[in-house]
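One point on numbering: in the numbering used here, the residue at position 68 of the sequence shown is 81, and numbering is uninterrupted.
All C-beta atoms, glycine included, are put in the ideal place defined by N, C-alpha and C.
Source: prediction; values computed, not measured.
A short write-up of the structure that comes next.
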Amino acid sequence: MNGELKTARSNSLWLVTAADLIHKIRVRWKLTSDLSFSQKLHINPRTVAKLNRFHPDGSLKFETVMGIFRSLLLIIPIQEWSASRNTEEYRLIHDDMMAVVNARIPVPKGIREDIADAIEKEQYLSGNDIT
């Protein structure tokens, strides 16, 4: 049992990240009640309740959260928003989804170093070197 608790705690970063980001989406979309959000996405209200940003439920599966993000992406075109708002929402939700994926599956150290080197080189070449 002790090993199970350790695993649950070490894997919770993605869930905390997801709960926080989905809460921000709900506020932005004015779907702040669990019922309104669950009806919009056609998912069970109990599943939505598991995404409480103060007490996310560890029984929620990663695949379920990714399904919620997919549903959000799928319903963007049927919202009564402008084309520019749709484009922005696609970008924001995609970025949020990738943040959850990165919290669940960390980027390998070598790739992180390559990205940092590329950013540093770009800053140097553009004259924005901070060193």
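Which value, in whole angstroms, describes the spacing of the CA atoms of ASN204 and PRO90? Any answer about residue 204 is impossible in this case: the structure gives the chain only from 14 up to 144.
Is the region 77 to 85 touching the region 45 to 64 in the sense that three or more CB pairs, one from each, lie closer than 8 Å? yes
Check whether the Cβ atoms of TRP27 and VAL114 lie closer than 9 Å to each other. yes
Under a Cβ-count criterion, where at least 16 other Cβ atoms within 10 Å of its own Cβ denotes burial, should THR45 be classed as buried or exposed? exposed
Can you tell me where the alpha helix (DSSP H) holding THR30 begins and where it ends? 26 to 41
Hey, how far is the Cα of ALA129 from the Cα of ALA116? 18 Å
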